[in-house]
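These notes are about the structure you will find just below.
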Amino acid sequence: MADHPYRDLPPEALWRRAVAERSPLHLEHLYRPRFPLGRETRIAAAGSCFAQHIGRQFKERGYAFLDAEPAPPLLEAGERGRFGYDMYSARYGNLYSARQLLQLVQRAQGTFTPLDEAWEEGGRWFDPFRPTIEPDGFASLEELRAVREHHLGAVRSLLEQADVFVFTFGLTEAWIDTRDGAVLPLCPGTAHGTFDPEQHAFHNFSWPEVMGDFEEFMRLAREVNPTMRFLVTVSPVPLTATASGQHVLTASVASKSILRAVCAELVARHEHVDYFPSYELVTSHPMRAMFFDPNLRTVAPRGVAHVMSTFFEAHEGTATAAPTPASTGRPAQVPVPHEDDVVCDEAILDTFGA
Amino acid sequence: MPEVADLPDHAPVTITGNSHVIALARAERPAALTQALGEVLVYPWGNGRHESEVFTRREGDGVALTVPQYATATERHTGHPHLRPDRHWVVLGPGHAARTFRDPTWRTHAPAALRLPGVEPVSDGLLTALLERDQRGLRALYRDALAAGLQVVALSAPPPRRDHRAITDGTPAAVVAHLDTTAYRLWERWLAAEGVPLVPRPAGTADDEGFLLPELAARTTPRGTPDHHHANEAYGALALAELARTIGGAAPLG
Numbered sequence: 001m002a003d004h005p006y007r008d009l010p011p012e013a014l015w016r017r018a019v020a021e022r023s024p025l026h027l028e029h030l031y032r033p034r035f036p037l038g039r040e041t042r043i044a045a046a047g048s049c050f051a052q053h054i055g056r057q058f059k060e061r062g063y064a065f066l067d068a069e070p071a072p073p074l075l076e077a078g079e080r081g082r083f084g085y086d087m088y089s090a091r092y093g094n095l096y097s098a099r100q101l102l103q104l105v106q107r108a109q110g111t112f113t114p115l116d117e118a119w120e121e122g123g124r125w126f127d128p129f130r131p132t133i134e135p136d137g138f139a140s141l142e143e144l145r146a147v148r149e150h151h152l153g154a155v156r157s158l159l160e161q162a163d164v165f166v167f168t169f170g171l172t173e174a175w176i177d178t179r180d181g182a183v184l185p186l187c188p189g190t191a192h193g194t195f196d197p198e199q200h201a202f203h204n205f206s207w208p209e210v211m212g213d214f215e216e217f218m219r220l221a222r223e224v225n226p227t228m229r230f231l232v233t234v235s236p237v238p239l240t241a242t243a244s245g246q247h248v249l250t251a252s253v254a255s256k257s258i259l260r261a262v263c264a265e266l267v268a269r270h271e272h273v274d275y276f277p278s279y280e281l282v283t284s285h286p287m288r289a290m291f292f293d294p295n296l297r298t299v300a301p302r303g304v305a306h307v308m309s310t311f312f313e314a315h316e317g318t319a320t321a322a323p324t325p326a327s328t329g330r331p332a333q334v335p336v337p338h339e340d341d342v343v344c345d346e347a348i349l350d351t352f353g354a
Numbered sequence: 001m002p003e004v005a006d007l008p009d010h011a012p013v014t015i016t017g018n019s020h021v022i023a024l025a026r027a028e029r030p031a032a033l034t035q036a037l038g039e040v041l042v043y044p045w046g047n048g049r050h051e052s053e054v055f056t057r058r059e060g061d062g063v064a065l066t067v068p069q070y071a072t073a074t075e076r077h078t079g080h081p082h083l084r085p086d087r088h089w090v091v092l093g094p095g096h097a098a099r100t101f102r103d104p105t106w107r108t109h110a111p112a113a114l115r116l117p118g119v120e121p122v123s124d125g126l127l128t129a130l131l132e133r134d135q136r137g138l139r140a141l142y143r144d145a146l147a148a149g150l151q152v153v154a155l156s157a158p159p160p161r162r163d164h165r166a167i168t169d170g171t172p173a174a175v176v177a178h179l180d181t182t183a184y185r186l187w188e189r190w191l192a193a194e195g196v197p198l199v200p201r202p203a204g205t206a207d208d209e210g211f212l213l214p215e216l217a218a219r220t221t222p223r224g225t226p227d228h229h230h231a232n233e234a235y236g237a238l239a240l241a242e243l244a245r246t247i248g249g250a251a252p253l254g
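As given, the protein sequences belong to chains A and B, one line each in that order.
For the first sequence, the positions run 1 to 354 when UniProt numbering is used.
For the second sequence, the positions run 1 to 254 when UniProt numbering is used.
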């Protein structure tokens, strides 16, 4: 028999042996870290709401997870998410798209100042770029500015400190201010703000746009911190609503496919980028949707646990329960919220949207 | 200001709360005060650290205190562990923001309104949430008392002291003053909405920044150790006079 490239493939390269004949709970070598993450590695995280689980696990397992905007210690753990604390490495809320992330860094570095500075509603002020960070809004425009100034300083600090930046891609769909291209995390009028069809336009980011935005983000980050590496993932949580005109299922698949393809290309192009398959671990058909809640959208706690144990097993060698947190240089607070407490702005669309 | 209903003559005025009521217990009670208030019983129910959690529940025709220390003290002084409708209850609470301002939070954070450099700004909305969280237990008490039909009045705690340990340990005085002012404003608003009369802090007891005047500060605790937290009996006398004005509409006393 003639030799050929498939003859000596490892088991994980063969569907029958890697998937069909195995329990979906015990797929091997699905994730081989490109670079190690130790407990001394300073990790920053951002992204869509699924990324909150990642940050929480890093903290609970005693990794040096950066928190540049720690919650006031007096604020109870169960209340922190409501004010945007303990979700990520700074109080930026959910960043669903690469363009949002890029513009956040540009705002922090002073190279982009959106025209839409604040929304006033009944004497309270909301930040268009994190409209749910203060449930009742800010008391004044001055207060909003002061808190935002501190926030953007915290983002700069993260860029300087992080050894690894973890980003979870969420969506390709966004609403943009047509005047300057500023990407809003939520469609104005859903949580706060007023929708103006003359000023707010729907945009569905293409593969080249997402790719270009993330590469530009990495370039800016590595200008500040040349050794920074990046771990990218795709949120397994489908869209809750689409403004694309498609069915929400096909819109979700299109969106996630673009993001997944961007991740593949990022890994292919850049040695300093790795991909973790949280998306596949939850959504791929061998998983039989077992990790979703009955709404087939939100990920059940057992799904989160499966994803995270796969991640940490790959880095630590064995599947482990979350150990006692260790202190870090800037200790992150360890909240103990219920899974229901994961703050997903996107869910607001369930109330206000289609 | 909600009206205070008249109680039968036999209903004694009973002042209780955390250790800040000791200043009132030690205060002289001039005849005019006794004439205005009638029989007055003052006792502290215990340490204020339990007051940020709900520590009451409706029981029978009164309000049960679920913190054993508070119930024991109440029984010792009134003959019953509950707050019952046979007394006119004056419960100290509003203005006691020490649980909040002595927290280490304020070494790394500060109210955004103060624009202090080098610390994380805390919005007015978040500050309100923190303070309302701390007020939860006492608010529940006042609500339970109203629901039980008790005559209840809220008595203000004294202003914070400039020599409080929180300040000497590093919390800026401006932060303490801001927290105290904000907490007091929340109390005023909440009590008015609920219909609970508030005995305000006596006029002229605080300096321009809101701190207790030094001559009204207790120097030592009952055990003789230095006291950086409480007011003294002179303040207590002024507070009693303010109480008489609120309850009885009497002319200034003392």
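By construction, the Cβ of each residue, glycine as well, lies at the ideal position given by its N, Cα and C atoms.
Keep in mind that this is a model prediction, so the values were computed, not measured.
Residue i CB to nearest chain B CB: under 8 Å?
i: Gln333 of chain A; result: Its pLDDT being 42, under 50, Gln333 of chain A is placed unreliably by the model, and nothing is read from it.
i: Gly329 of chain A; result: Note that Gly329 of chain A scores a pLDDT of 33, beneath 50, so its modelled location is shaky; the value from the coordinates is reported in the next line. Judged by the 8 Å Cβ criterion, Gly329 of chain A is not in contact with chain B.
i: Glu120 of chain A; result: no
i: Gly137 of chain A; result: yes
i: Phe83 of chain A; result: yes
i: residue 355 of chain A; result: Past the boundaries of the shown model lies residue 355 of chain A; chain A is included only from 1 to 354, so the question cannot be answered.
i: Asp341 of chain A; result: For Asp341 of chain A, the predicted model reports a pLDDT of 33, less than 50, meaning its position is unreliable; a value from the coordinates is still stated below. Cβ-Cβ to chain B under 8 Å: no for Asp341 of chain A.
i: Glu117 of chain A; result: no
i: Pro11 of chain A; result: no
i: Thr324 of chain A; result: Residue confidence for Thr324 of chain A is low, a pLDDT of 40 falling below 50, so the modelled location carries little weight and cannot support an answer.
i: Ala60 of chain A; result: Going by the sequence as given, residue 60 of chain A is Glu instead of Ala. Not an interface residue.
i: Glu265 of chain A; result: no
i: Gly209 of chain A; result: According to the sequence provided, residue 209 of chain A is Glu. The question's Gly does not apply to it. Not one chain B Cβ lies under 8 Å of Glu209 of chain A.
i: Ala319 of chain A; result: Confidence is the limiting factor: at Ala319 of chain A the pLDDT is only 49, short of 50, which leaves the residue's position unreliable and the question unanswerable from this model.
i: Val336 of chain A; result: Its pLDDT being 36, under 50, Val336 of chain A is placed unreliably by the model, and nothing is read from it.
i: Glu143 of chain A; result: yes
i: Glu313 of chain A; result: no
Of all Cβ atoms in chain A, is any one closer than 8 Å to the Cβ of residue i?
i: Gly125 of chain B; result: yes
i: Val4 of chain B; result: Low confidence applies here, because Val4 of chain B scores a pLDDT of 48, under 50, leaving its location unreliable and the question unanswered by this model.
i: Ala251 of chain B; result: Its pLDDT being 35, under 50, Ala251 of chain B is placed unreliably by the model, and nothing is read from it.
i: Val54 of chain B; result: no
i: Pro202 of chain B; result: no
i: Gly254 of chain B; result: Caution applies to Gly254 of chain B, whose pLDDT of 31 falls short of 50 and renders its modelled position unreliable; the model cannot decide the point.
i: Glu120 of chain B; result: yes
i: Ala129 of chain B; result: yes
i: His109 of chain B; result: yes
i: Pro104 of chain B; result: yes
i: residue 256 of chain B; result: Absent from the structure is residue 256 of chain B, since the part of chain B shown begins at 1 and ends at 254.
i: Gly97 of chain B; result: Here the sequence assigns Ala to residue 97 of chain B, which means Gly is not the residue at that position. Chain A, which has no Cβ nearer than 8 Å to the Cβ of Ala97 of chain B, makes this no.
i: Ala113 of chain B; result: yes
i: Arg133 of chain B; result: yes
i: Glu188 of chain B; result: no
One question on the structure: do residue i and residue j come within less than 8 Å of each other, judged by their Cβ atoms?
i: Arg145 of chain A; j: Phe312 of chain A; result: no
i: Gly38 of chain A; j: Ala45 of chain A; result: no
i: Ala244 of chain B; j: Ala110 of chain B; result: no
i: Asp177 of chain A; j: Leu115 of chain A; result: yes
i: residue 355 of chain A; j: Leu152 of chain A; result: This structure cannot settle anything about residue 355 of chain A, because the visible part of chain A is limited to 1 through 354.
i: Val196 of chain B; j: Leu155 of chain B; result: no
i: Ser89 of chain A; j: Gly170 of chain A; result: no
i: His96 of chain B; j: His20 of chain B; result: yes
i: Ile133 of chain A; j: Phe167 of chain A; result: no
i: Val234 of chain A; j: Thr242 of chain A; result: no
i: Ala64 of chain A; j: Leu159 of chain A; result: no
Is the stretch 204–221 of chain A touching the stretch 87–103 of chain A in the sense that three or more CB pairs, one from each, lie closer than 8 Å?
-> yes
Segment contact flag, the stretch 138–151 of chain B with the stretch 51–60 of chain B, C-beta cutoff 8 Å, min 3 pairs | yes
Check each residue of the stretch 65–77 of chain A: if its Cβ is closer than 8 Å to any Cβ of chain B, include it; give the result in chain order.
-> Glu69, Pro70, Pro72, Pro73, Leu74, Leu75, Glu76
Any chance the stretch 293–310 of chain A sits against the stretch 230–245 of chain A, with 3 or more Cβ pairs inside 8 Å?
-> yes
Segment contact, 8 Å Cβ cut-off, at least three pairs: the stretch 68–77 of chain B with the stretch 37–48 of chain B | yes
May I ask you to list, following chain order, the residues of the stretch 146–172 of chain A that have a beta carbon less than 7 Å from some beta carbon of chain B?
-> Ala146, Val147, His150
Report the residues of the stretch 36–56 of chain A with a CB closer than 9 Å to any CB of chain B, ordered along the chain.
-> none
So, do the stretch 63–74 of chain A and the stretch 99–111 of chain B have three or more beta carbon pairs nearer to each other than 8 Å?
-> yes
Residue ranges of each alpha helix (DSSP H) run of no fewer than 4 residues wholly in the stretch 259–291 of chain A, ordered along the chain?
-> 278–283
Contact between the stretch 80–100 of chain B and the stretch 61–71 of chain B: three or more CB pairs below 8 Å?
-> yes
Kindly provide the ranges of any alpha helix (DSSP H) runs that are 4 or more residues long and lie completely inside the stretch 188–272 of chain A, ordered along the chain.
-> 207–224, 248–269
Evaluate the contact criterion for the stretch 276–295 of chain A versus the stretch 192–206 of chain A: three or more CB pairs, one atom per stretch, below 8 Å.
-> no
The stretch 225–236 of chain A in contact with the stretch 157–165 of chain A per 3-pair CB rule at 8 Å | yes
Would you check if there are 3 or more beta carbon pairs closer than 8 Å linking the stretch 115–126 of chain B to the stretch 183–193 of chain B?
-> no
Go through the stretch 105–161 of chain B residue by residue and report every complete run of the beta strand (DSSP E) that reaches 3 residues or more, in order.
-> 109–111, 120–122, 151–155
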